[in-house]
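Undergrad:
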Amino acid sequence: MSGGPTVAAWLREATARLAPLVGPEEARRDLRLLLADATGWSAARLAASGPDPLPAEALARADSHLARRMAREPVSQILGRWHFFGRDFRVTRDVLTPRPDTEALVARALAEPFLRVADLGTGSGILAVTLLAERPEATGLATDISQAALAIARENADRHGVADRLAFARGDWWAAVPEGARFDLIVSNPPYIAEAELATLAPEVAGHEPRLALTPGGDGLSAYAAILAGAMRHLAPGGRLAVEIGAGQGAAVSALFSAAGLEAVGIDPDLTGRERVVHGRRGADAP
Ligand SMILES: C[S@@+](CC[C@H](N)C(=O)[O-])C[C@H]1O[C@@H](n2cnc3c(N)ncnc32)[C@H](O)[C@@H]1O
Numbered sequence: 016m017s018g019g020p021t022v023a024a025w026l027r028e029a030t031a032r033l034a035p036l037v038g039p040e041e042a043r044r045d046l047r048l049l050l051a052d053a054t055g056w057s058a059a060r061l062a063a064s065g066p067d068p069l070p071a072e073a074l075a076r077a078d079s080h081l082a083r084r085m086a087r088e089p090v091s092q093i094l095g096r097w098h099f100f101g102r103d104f105r106v107t108r109d110v111l112t113p114r115p116d117t118e119a120l121v122a123r124a125l126a127e128p129f130l131r132v133a134d135l136g137t138g139s140g141i142l143a144v145t146l147l148a149e150r151p152e153a154t155g156l157a158t159d160i161s162q163a164a165l166a167i168a169r170e171n172a173d174r175h176g177v178a179d180r181l182a183f184a185r186g187d188w189w190a191a192v193p194e195g196a197r198f199d200l201i202v203s204n205p206p207y208i209a210e211a212e213l214a215t216l217a218p219e220v221a222g223h224e225p226r227l228a229l230t231p232g233g234d235g236l237s238a239y240a241a242i243l244a245g246a247m248r249h250l251a252p253g254g255r256l257a258v259e260i261g262a263g264q265g266a267a268v269s270a271l272f273s274a275a276g277l278e279a280v281g282i283d284p285d286l287t288g289r290e291r292v293v294h295g296r297r298g299a300d301a302p
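If you count by this note's numbering, then the sequence shown holds residues 16 to 302, one letter each, in order.
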């Protein structure tokens, strides 16, 4: 793009280039976010600046953002941050971008009190960090098999002032959790996409998010089986387990909960009405 366009002209030209790839609505929304970042201006100032020329540095940054977006990089990774449950989290290509659907899991987790929480497969740390930020009396353990993801989760714990209450451990599901550790609440948003579905995902997801965060391979259910295999051992009596699920997995994951001995098994919808969270609890009289 040549130098010196107005804000309105840049947005018009950029939209004409991006819309054929991602659709007009997404293009307009993305470009406003990218231009706000490139200029450092608020959305309100940007909206009022249509006739103003873009400063040269902002123009260079905006053009670079546009080129990355045209290569189907997600906006979250271009900005290096994304919003979740009222907070901004650092995001890189080493972690899954926080999804609004996952707020249903936070809502379920916060529905009852807890003091000790474990977040298995923490990624950017959104679940553990949000839950500790919302419950200042709680402490937690966040695990992941990816060292790079754990580094981002630590950064996010620092950013939101919960690092002194959150421990981190690397490993394959329960292998990261000390034997004998018991939690009032265990949450997980594990990889759950069936391997065969990977080919159908948008380039922003398939080409830019970690494969480890998307699929456990096979039919997409093996991470739930691994989590359920150790859940009763690591839940305190009366403790709760809540996991995010993918489309159509409600019955299969609920059956795994019941087979593992969990009680009061239920399914919550997300904001769009789709089954999104399976939850259950360990009996209060368990040893
Ligand atoms: C769907 S992402 C969720 C990340 C984050 N909790 C969120 O909700 O945005 C799944 C996470 O599980 C981690 N993971 C995948 N396989 C794992 C395993 N075998 N053990 C522990 N974590 C694993 C991935 O590295 C990834 O960070």
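All C-beta atoms in this analysis are idealised placements derived from N, C-alpha and C, irrespective of residue type, glycine included.
Could you tell me the distance, in whole angstroms, from the CA atom of S17 to the CA atom of D78?
TA: Reliability fails at S17, whose pLDDT of 46 lies under 50, so the model's placement of it is uncertain and no value is given.
Undergrad: Quick one: does the C-beta of W56 sit closer than 7 Å to a heavy atom of ligand 1?
TA: No; taking the cut-off as 7 Å, the Cβ of W56 has no heavy atom of ligand 1 nearer than that.
Undergrad: Tell me whether V292 counts as near ligand 1, meaning its Cβ is closer than 7 Å to at least one heavy atom of that ligand.
TA: Flag unset: Cβ of V292 not near ligand 1.
Undergrad: Using 10 angstroms around the beta-carbon of R150, count the other beta-carbons present and answer buried if the total reaches 16, otherwise exposed.
TA: R150 is buried by the Cβ-count criterion.
Undergrad: Between L48, P115, G55, L46, which has its C-alpha nearest L286's C-alpha?
TA: Nearest C-alpha to L286: P115.
Undergrad: Straight-line CA distance for D134 to W189?
TA: Cα to Cα, D134 sits roughly 11 Å from W189.
Undergrad: Is A56 helix, strand or coil when you go by DSSP?
TA: One detail in the question is off: residue 56 reads as Trp in this sequence, not Ala. Coil, per DSSP.
Undergrad: For L74, count neighbouring C-beta atoms within 10 Å of its own C-beta (all shown protein chains included) and say buried if the count is 16 or more, exposed if not.
TA: Under this definition L74 is a buried residue.
Undergrad: From the DSSP output, in three-state form, read off L156 for me.
TA: It is a strand residue.
Undergrad: Going by DSSP, name the residue or residues bridged to L181.
TA: Partner(s): G155.
Undergrad: Mapping the DSSP letters down to three states, classify Y265 as helix, strand or coil.
TA: Correcting the residue identity first, residue 265 is Gly in this sequence and not Tyr. G265: helix per DSSP, three-state reduction.
Undergrad: Does ligand 1 have a heavy atom nearer than 7 Å to the CB of G254?
TA: It does not: the Cβ of G254 is nowhere closer than 7 Å to a heavy atom of ligand 1.
Undergrad: Identify every residue that forms a DSSP beta bridge with L26.
TA: Answer by DSSP bridge pairing: none, since L26 is not bridged.
Undergrad: Ligand 1 and L111: does any heavy atom of the ligand fall closer than 7 Å to the residue's C-beta?
TA: Indeed, a heavy atom of ligand 1 lies less than 7 Å from the Cβ.
Undergrad: Applying the 10 Å Cβ sphere with the 16-neighbour rule, what's the burial state of E259?
TA: It is buried - the Cβ of E259 has at least 16 other Cβ atoms within 10 Å.
Undergrad: Given that a residue counts as buried once 16 or more other Cβ atoms are within 10 Å of its Cβ, and exposed if not, what is G254?
TA: Burial call: buried.
Undergrad: With C-beta atoms as the reference, is F104 less than 8 Å away from N204?
TA: No, the pair does not count as a contact, with Cβ atoms beyond the cut-off.
Undergrad: How big is the Cα-Cα spacing for P225 and V110?
TA: Computed Cα separation, rounded: 6 Å.
Undergrad: Compute the Euclidean distance between the alpha carbons of E194 and S269, then round it to the nearest angstrom.
TA: Computed Cα separation, rounded: 26 Å.
Undergrad: Which ranges would you report for the alpha helix (DSSP H) in the stretch 193–269 if only whole runs of at least 4 residues count?
TA: For the stretch 193–269, whole alpha helix (DSSP H) runs of length 4 or above, ordered along the chain, are 218–221, 226–229, 237–249.
Undergrad: Taking L135 as part of the beta strand (DSSP E), name the residues at either end of that continuous run.
TA: Per DSSP, L135 belongs to the beta strand (DSSP E) from 131–135.
Undergrad: Indicate the three-state DSSP secondary structure (helix, strand or coil) for D283 in the structure shown.
TA: If DSSP states are grouped into helix, strand and coil, D283 belongs with the strands.
Undergrad: Ordered along the chain, which non-local residues of its own chain (more than five positions away) have a Cβ less than 6 Å from that of L49?
TA: Once the five neighbours on either side are set aside, the close Cβ partners of L49 are H80.
Undergrad: Runs of 3 residues minimum, wholly inside the stretch 87–139: which ones carry the beta strand (DSSP E) assignment?
TA: Entirely contained in the stretch 87–139, the beta strand (DSSP E) runs reaching 3 residues are, in chain order, 96–99, 102–105, 131–135.
Undergrad: Measuring alpha carbon to alpha carbon, tell me which of G138, L165, L130 ends up nearest A153.
TA: When only C-alpha atoms are compared, the closest one is L130.
Undergrad: With a threshold of 7 Å, establish whether the CB of I160 neighbours any heavy atom of ligand 1.
TA: Yes, since a heavy atom of ligand 1 falls inside the 7 Å radius drawn around the Cβ of I160.
Undergrad: What do you reckon, are the CB atoms on V306 and L69 nearer than 8 Å?
TA: Residue 306 lies beyond the stretch modelled for the chain, which goes from 16 to 302, so this question has no answer here.
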